[in-house]
Every structure is written in structure tokens, then in C-alpha cells.
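Q:
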Amino acid sequence: MKVKIAMVLRYVILILGGIIMLMPFLWMLSTSLKTQPETVKIPPIWIPKQLQFSNYIDAFKAAPFAQYFLNSIFVTTVTTVGQLFTSILAAFAFSRLNFYGKNIIFVIFLGTMMVPVEMLIIPNFVTLSKLHLVNTYAALIVPWLASFFTVFTLRQNFQSVPDQLYYAAKIDGASDWHYLWHVLVPISKSTITAVTVLQVIGSWNSFMWPLIVTNSENLRTLPVGLQAFTGDAGTNYAQLMAASTFVILPMVILYLFLQKYIIAGISKTGLKG
Amino acid sequence: MEVTFKDVSLSYDGTREILHHLNFTIPEGTLVSILGPSGCGKSTTLMMISGLLAPTSGKIFFGDKDVTKQDALARKVGMVFQNYALYPHLTVLENIMFPLKMAKVKKPERKKRALELAKLVHVEDQINKKPGALSGGQQQRVAIARALAKEPSLLLLDEPLSNLDARLRIEMREEIRRIQQETGVTTIFVTHDQDEALHISDHIMVLNNGDMQQFSSAETLYDNPSNLFVAKFIGEPVINTLAIADFQGELDQHVPADILKQAVSVGIRPEALQDHDSGDDTIAAIETTVKEFEKYGREKNAQLDFHGKKLLTTEIENTLEKEQKLTLYLQKSGFYLFDQDGKRIFGGDQDVK
Ligand SMILES: Nc1ncnc2c1ncn2[C@@H]1O[C@H](COP(=O)(O)OP(=O)(O)OP(=O)(O)O)[C@@H](O)[C@H]1O
Ligand SMILES: [Mg+2]
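Chains A and B are the protein sequences, given in the same order.
Using UniProt numbering, you'd call the opening residue of the first sequence number 1 and step up by one each time.
Using UniProt numbering, you'd call the opening residue of the second sequence number 1 and step up by one each time.
#1: Cβ of residue 167 (chain A) less than 7 Å from any chain B Cβ?
#2: Rounding to the nearest angstrom, what Cα-Cα distance links residue 152 (chain A) and residue 52 (chain B) in this structure?
#3: Taking 7 Å as the threshold (beta carbon to beta carbon), is residue 83 (chain B) in contact with chain A?
#4: Among A:54, A:53 and A:34, which one has its Cα closest to the Cα of residue 45 (chain A)?
#5: Would you please verify whether the beta carbon of residue 185 (chain A) is less than 7 Å from any beta carbon of chain B?
#6: Under DSSP, the beta strand (DSSP E) around residue 258 (chain B) begins and ends at which residues?
#7: Report all residues for which the CB-ligand distance to some heavy atom of ligand 2 is below 7 Å; order them along the chain.
#8: Measure the CB-CB distance between residue 194 (chain A) and residue 137 (chain A) and report whether it falls below 7 Å.
#9: Would you say residue 192 (chain B) touches ligand 1, meaning its beta carbon is less than 6 Å from a heavy atom?
#10: Look at residue 225 (chain A) and residue 63 (chain A) and say whether their C-beta atoms are less than 7 Å apart.
#11: For chain B, find out if any of its Cβ atoms is closer than 7 Å to the Cβ of residue 164 (chain A); answer yes or no.
#12: Which residues share a DSSP beta bridge with residue 51 (chain A)?
#13: Reducing DSSP to helix, strand and coil, say where residue 15 (chain A) ends up.
#14: So the alpha helix (DSSP H) residue 342 (chain A) belongs to, where does it begin and stop?
#15: With 16 as the cutoff for other CB atoms within 10 Å, does residue 389 (chain B) come out buried or exposed?
#16: Is the Cβ of residue 73 (chain B) closer than 7 Å to any Cβ of chain A?
#17: Kindly list the residues whose CB is nearer than 8 Å to the CB of residue 111 (chain B), restricted to its own chain and excluding five residues on each side of it in sequence; keep chain order.
#18: By the criterion of Cβ-Cβ separation under 7 Å, what are the contact partners of residue 199 (chain B) in chain A?
#19: Is any beta-carbon of chain A found at less than 7 Å from that of residue 9 (chain B)?
#20: Are three or more beta carbon pairs between the region 120 to 127 of chain B and the region 203 to 210 of chain A nearer than 8 Å?
#21: Given this structure, state the Cα-to-Cα distance separating residue 229 (chain A) from residue 168 (chain A), to the nearest angstrom.
#22: Please classify residue 263 (chain A) as buried or exposed, where buried requires at least 16 neighbouring CB atoms within 10 angstroms.
#23: What are the residues of the region 38 to 69 of chain B that lie near chain A, defined by any Cβ-Cβ distance shorter than 9 Å?
#24: According to DSSP, simplified to helix, strand and coil, what is residue 77 (chain B)?
#25: Residue 87 (chain B) CB to nearest chain A CB: under 7 Å?
#26: Let me know if residue 179 (chain A) comes out buried or exposed under the rule of 16 or more other beta-carbons within 10 Å of its beta-carbon.
#27: Going by Cα to Cα distance, which pick from B:293, B:307 and B:10 is closest to residue 322 (chain B)?
#28: Short of 7 Å in beta carbon distance, which residues of its chain neighbour residue 68 (chain A), apart from the five on each side in sequence? Order them along the chain.
#29: Does the structure place the region 230 to 249 of chain A close enough to the region 20 to 38 of chain A that three or more beta carbon pairs sit under 8 Å?
#30: Which residues in chain B sit within 7 Å of residue 170 (chain A), going by Cβ to Cβ distance?
#31: Which residues share a DSSP beta bridge with residue 32 (chain B)?
#32: With 7 Å set as the bound, which would you pick, yes or no: does the beta-carbon of residue 3 (chain B) sit closer than that to a beta-carbon of chain A?
#33: In the DSSP assignment, find the beta strand (DSSP E) that holds residue 19 (chain B) and state where it starts and stops.
#34: Can you tell me where the alpha helix (DSSP H) holding residue 355 (chain B) begins and where it ends?
#35: Please state whether the Cβ-Cβ distance between residue 82 (chain B) and residue 158 (chain B) is less than 7 Å.
#36: Quick check on the DSSP output: the alpha helix (DSSP H) that includes residue 117 (chain A) runs from which residue to which?
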């Protein structure tokens, strides 16, 4: 009986937690279908009298969202692929190769993880402007081509692979390069998927950095584009929420498909690290 | 491929030497076991043969060729690791094909050779499974097939049977012997199980603390152990060891006096202690007291007390009573004396090293 109560209690808490987490999403969906007066009505209403699907069309037309979509996809893809590539190489070096100063370099890199991202914005901006890269695609991509968090996560995973597998590959005639891409990467699939998804989401949602380093319309990414609904005359909440919905939709779909890998990948490195 | 070590030493960290001045030649086409207790340097020796590890000093030859400076890629040996080290993301067939792919063998040819090997090691019905779905014995056979795939002139096996249960172990070692004889590949087999080594190999190298103790046939190891360590390490049940001081004149007249003076330890195999005199083969007789007597089936074992020391014998003809006095006859074969360095100075064939 005691066990049963504990079970029920556990589920109640989990469900409550789930609802709280979902609340902003539901509110976003609900608002995106309201008329402008309904969005500011007090007390708030959850279900609009008439569903305003036209908000979506109006929102999409309010700014060049097709261009923003392309920009976001381009920046996210290049950033993620590039970052994975550099991180896989670095993680391999840290986990398998012996070179002078390996541990010291690793500790220094580890130290950079303690520095909050916000603190890096100004130095990075200064560097980019000295290189005359401000307001280019490079500004959106280059600073994110290396991530020590990804390196660290992958290194932990690579290190858990037994040495003998590496030796076996050597005996079988595989070079380090071949071993890395044809043995180590495939067997680290779940961790790599997890860091990829995290990176894609981070890159897709990033707001502050693109806002700072770009100012021309044709370089805008989706999150920055959402500003279109805030003007001097106030904010068009209904359209803003409609736009937000189609901006985050790809990420939600991605997450739903890959959540198995993400949870496995994260919890695995969590145990090791 | 004949393998020769010339004065090879190894230290991992530059301070502690793990292997000391190894000198040996493994003849072409033979199956040699490297036998020794855990941590004695067996895997290290194998890693040096494979080229995964370079010796700190000394030279390694394959045939007449000095390969000391070559790495594993260049030496082209086949190797089976202690935990098999199969590629978990590839199927059995892909695992066997992997070395061939690295050697740039064309795909149809690759597949054909891999299928032949799968047949040789009897895993042809498992080729589409991933290693995780195989039993330990099957994984081991796949690992052997993979090691044989590029037709190495040298096959190295690092305790390949240690993860298997007793029955499978016996089956597998016969299998390895069969494959070795069918392919004629020079094979080096690492184990810490003497039974395995005795059954499978043409020659056995006994290693202890990084020193080679003896390198000879199983029979020679048993009949003519070159030192006390080998005598104690080989043989089941273990040889009885006593100090020479435990004897109170029983050996005088029977062993030359100058040898007796140098002797420090005495080794007597359990079957060399008989309760009946066999005439010429008897070296000496000793008086003992029976402490335990066990009889199962045809076997009769006795624990005896000899001047306060314990002795074990397996050569009892009569039924014994506890605490009864018993005269035991020491047999020539199986009685050894060792000097203070543990070297055999009496017993066995003194010409055999
Ligand atoms: N990578 C290494 N770095 C430093 N010392 C090592 C390394 N590998 C092995 N050793 C040491 O070398 C010695 C021999 O090790 P080795 O693995 O060759 O023993 P082994 O005979 O194969 O033992 P086992 O039967 O347990 O496998 C041991 O004392 C071990 O601690
Ligand atoms: Mg070992």
C-alpha cells in the first residue's frame, strides 16, 4: 500500500512538473491564435473565441522570414558541422595521442569552460571588427567553430573505448585517421548525436550574438527576425507568437525524433565525467 | 615466420624495467606458448612482437630481417586480444573483412575470403550478426578469423580463452590447434594456465618477473625444470618443496657429496614418492607419518609429515591409517635439488637446459 502511494505521488509530481514545463508552449500556441485585443485581456483567456489562423500568414509576411529561415539553416548547419569536425579531431588528440604539453593545454581549455559566454562577447566582437568581419556570414559562424564543451564531452566518451580496439585497428592496418572516422566515430554515435542536437538547438536559438554582429536585413537569423513584431507602437503579440511557433517547430520535431540519443548520450557522459 | 629476440629489454616509464634481456628464437611454423603468472610481462612481450610497443633496448628479427624500428602497420602480424576487441558497430563478416579493406583488397574478393575464413572457424551461420549478439566462444573465433584474414605470417593470441567456461576452453584450444595446423601459421599463444599451454603448444616459454625461465617442450619443462620456479609452476598437483636442512642424513651416500653441499632446496613430485621400493629407480628412503589419506576412484592421495614438514604423494598402493608410520621411496624421475639461485643441480637430465 505504501509503495502504491509513493508511486502515485511520484507520478503526480512528474505530471505537475511536465505541465509547468509545457505552460509557456501552450500559452504561445494559444496566443498565436487570438485576436489582438484577446492577447491582453484580463483575466487571461486560454481558448480564443475564434481561432485566428490568419495570424500565421500575416506574421510570415510581416518580415522576410523565408530569407531568415535560409540564413538560420545555413548558419546552423555550417556551425554544427564545423564544430563537430574540429571537436572530434581535438577529442581524439586529447584522448589518444601523446604530445608535449597535452595535460596543460587540456586544463587551460577546461578553465575556459568556467568563463561565461556573455563575457566573451566584447572581446570576440573586437577581434571580428579588427578582421573586418562584422556584418558577414563569417561573423555568425567562425566564433562557434570550436567548442570546448563538445571537445570535452567527446573526449570523455572516446576515453571509455578500450585501448585494445585501437590496437586491433592498428594491427588490421588502419591509420589513426581511418580508426577515428571508421571505428571511433561510429561507435560513439549516441554521444555525437547528443552534442549535435544540443549544438543545433543552441545555434538555431542564438539571439544575442547575431543581433550584435549583423545589422543588414539579409543576414538576419530567425530569432533576431522576431523583433519585427516589436515596434514603437507596441508589440503585436499574436503575430509574434505565431512566428515563434514556426521558428521553434523544426527544433521540437528534431528533439522528438532524437530524444532517445540525447538522453543516452548525456547521461553516459554524466556518469563518466 | 621465425621470430628472434636479441637482448630485448623494456621499460614503460624509463625507471622500472619490466622485461630483462630476453633472448629467444621461435621457429617457423610452430605454436609457442608464453606462460607465466599475472604481471610477468606476457602481454608486453606480445605487444613488442606485434610492433605496438618498441623495445627500450635490443633487437627483434622476423626471419633475417631486423624489424625493431617497424611499427605494427609494417609488421603485418595477426593478433587476437584478451577481450577480442571486435568492432562493435560492424557485423561479423564486416569485422573479418576489415583488415582486407585496409589492405585495399577488392570488394568481391574481400567477401569471398571473409566467407572462407568464417567457415574455417565455424561461424558461417553468424556472419550478419553484430559481435554483441555472439557468445564468448563465437566472438573469439571471429577474432581469430579477423586475425587470419590478411594471411599473416605470424599469429599472436593474448589469453584468448580466459573469458570462456571450462568446457568451451578445452574445445577452443583444440580449435586453435586445428586452425594453426591447417594454416601452418607460426603462432604465439599467451596464457597463464599451464594446462592450456601443455596441451596446445610445441614449445613453451616460461616467464617470471620479466625474465625468461625456460624455453622448451612441455615434456622437458616437466621432466627437466631448469630451476625451482619452473618446477613449482609446472605440474598438478604442485611439486613438494623442502629445504635441504629438513633432511637428516637421508640423502647422504645417495647424492654426491659436493652437490649436496651446494643444494639449498629439494623438489619432489608427488608421484615420485612411492610406498613401495622400485629398486634401481629409487634414490633414497624416508620415514614419514600419515596425516591424511584420501581415496576416490582409482586415486589415492596421502598427506604425510616428514620431520615436521608436509609432503603430498599420489603413488600409494596400500590403504593407510591416520598416524601410521610409512616408509616412502624417492624416485629418480621427479626428484630434484636446486642451488641457492634456484638452479637445478641434481635430478632429471643434467644435459638438458
Ligand atoms: N602501459 C603500461 N604502463 C606502465 N606499466 C605497465 C603498462 N602495461 C603493463 N605494465 C606493467 O608491466 C608489467 C607486465 O604487464 P603485462 O601486461 O605484460 O603482464 P601479463 O603477464 O600480460 O599479465 P596478465 O596475465 O595479468 O595479463 C606489469 O607489472 C604491469 O603493471
Ligand atoms: Mg596480459
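By construction, the Cβ of each residue, glycine as well, lies at the ideal position given by its N, Cα and C atoms.
A: In terms of the structure at hand:
#1: Numbered from 1 along the first sequence, position 167 holds the residue referred to as residue 167 (chain A). Closer than 7 Å to some Cβ of chain B, the Cβ of residue 167 (chain A) qualifies, so yes.
#2: Locating residue 152 (chain A) in the first sequence gives position 152, counting from the first residue. Locating residue 52 (chain B) in the second sequence gives position 52, counting from the first residue. Distance between the alpha carbons of residue 152 (chain A) and residue 52 (chain B): 27 Å.
#3: Within the second sequence, numbered from 1, the residue matching residue 83 (chain B) stands at position 83. Yes, residue 83 (chain B) lies at the interface with chain A (some Cβ there is under 7 Å from its Cβ).
#4: Sequence index remark: in the first sequence, residue 45 (chain A) carries index 45 (1-based). Selected option, being the one with the closest Cα: A:34.
#5: Taking the first residue of the first sequence as position 1, residue 185 (chain A) is located at position 185. By this cut-off, residue 185 (chain A) is not an interface position.
#6: As a first step, residue 258 (chain B) must be located in the second sequence, where it is residue number 258. Here residue 258 (chain B) belongs to no beta strand (DSSP E); instead the alpha helix (DSSP H) covers 257 to 262.
#7: B:42, B:43, B:82, B:158, B:159 and B:190
#8: By 1-based counting over the first sequence, the position of residue 194 (chain A) is 194. By 1-based counting over the first sequence, the position of residue 137 (chain A) is 137. In this structure, residue 137 (chain A) does not lie closer than 7 Å to residue 194 (chain A) by Cβ.
#9: Counted from its first residue, the second sequence places residue 192 (chain B) at position 192. For ligand 1, at least one heavy atom lies less than 6 Å from the Cβ of residue 192 (chain B).
#10: As a position in the first sequence, residue 225 (chain A) is number 225, starting the count at 1. As a position in the first sequence, residue 63 (chain A) is number 63, starting the count at 1. Against a cut-off of 7 Å, the Cβ pair of residue 63 (chain A) and residue 225 (chain A) comes out as a contact.
#11: On the first sequence, position 164 is the one that residue 164 (chain A) refers to. By this cut-off, residue 164 (chain A) is an interface position.
#12: For the purposes of this step, residue 51 (chain A) is identified with residue 51 of the first sequence, where counting begins at 1. Residue 51 (chain A) pairs with nothing; no bridge assigned.
#13: By one-based count along the first sequence, residue 15 (chain A) stands at place 15. DSSP places residue 15 (chain A) in helix when its eight states are reduced to three.
#14: In this structure chain A extends from 1 to 273, so residue 342 (chain A) is not present and cannot be described.
#15: The question about residue 389 (chain B) has no answer, for chain B in this structure spans 1 to 353.
#16: Here residue 73 (chain B) refers to the residue found at position 73 when the second sequence is read from its first residue. Judged by the 7 Å Cβ criterion, residue 73 (chain B) is in contact with chain A.
#17: Working through the second sequence from its first residue, we reach residue 111 (chain B) at position 111. Around residue 111 (chain B): 93 and 97.
#18: On the second sequence, residue 199 (chain B) is found 199 positions in, with the first residue counted as 1. Ordered by position in chain A, no residue passes the 7 Å Cβ test against residue 199 (chain B), which lies about 26 Å from the chain.
#19: Along the second sequence, read from residue 1 onward, the residue named residue 9 (chain B) stands at position 9. Cβ-Cβ to chain A under 7 Å: no for residue 9 (chain B).
#20: no
#21: Counting from 1 along the first sequence, the entry for residue 229 (chain A) is found at position 229. Counting from 1 along the first sequence, the entry for residue 168 (chain A) is found at position 168. When rounded, the distance between both Cα atoms is 59 Å.
#22: As a first step, residue 263 (chain A) is located in the first sequence; it is residue number 263 there, counting from the start. Its Cβ having fewer than 16 others within 10 Å, residue 263 (chain A) is exposed.
#23: 47, 50, 51 and 52
#24: Indexing the second sequence from 1 puts residue 77 (chain B) at position 77. Coil, per DSSP.
#25: For the purposes of this step, residue 87 (chain B) is taken as the residue at position 87 of the second sequence. Closer than 7 Å to some Cβ of chain A, the Cβ of residue 87 (chain B) qualifies, so yes.
#26: Start at 1 with the first residue of the first sequence, and residue 179 (chain A) comes out as number 179. That one is buried.
#27: Mapped onto the second sequence, residue 322 (chain B) falls at position 322. Answer by Cα proximity: B:293.
#28: Residue 68 (chain A) sits at position 68 when you count from the first residue of the first sequence. So the qualifying residues of the chain are 220, 221, 222 and 225.
#29: yes
#30: Translated into positions along the first sequence, residue 170 (chain A) becomes position 170. The answer, in chain order, is 52, 72 and 73.
#31: The residue given as residue 32 (chain B) occupies position 32 in the second sequence. In DSSP, residue 32 (chain B) forms a bridge with B:188 and B:203.
#32: Residue mapping note: residue 3 (chain B) aligns to position 3 of the second sequence, counting from 1. No, residue 3 (chain B) does not count as interfacial toward chain A.
#33: Within the second sequence, residue 19 (chain B) is the residue found at index 19, counting from 1. Taken as a continuous stretch (DSSP letters only), the beta strand (DSSP E) holding residue 19 (chain B) covers 17 to 26.
#34: The shown model of chain B, from 1 to 353, leaves out residue 355 (chain B), and the question about it has no answer.
#35: Here residue 82 (chain B) corresponds to residue number 82 of the second sequence, with the count starting at 1. Here residue 158 (chain B) corresponds to residue number 158 of the second sequence, with the count starting at 1. Contact flag set, yes.
#36: Here residue 117 (chain A) is taken as the residue at index 117 of the first sequence, counted from 1. Unbroken alpha helix (DSSP H) run through residue 117 (chain A): 117 to 130.
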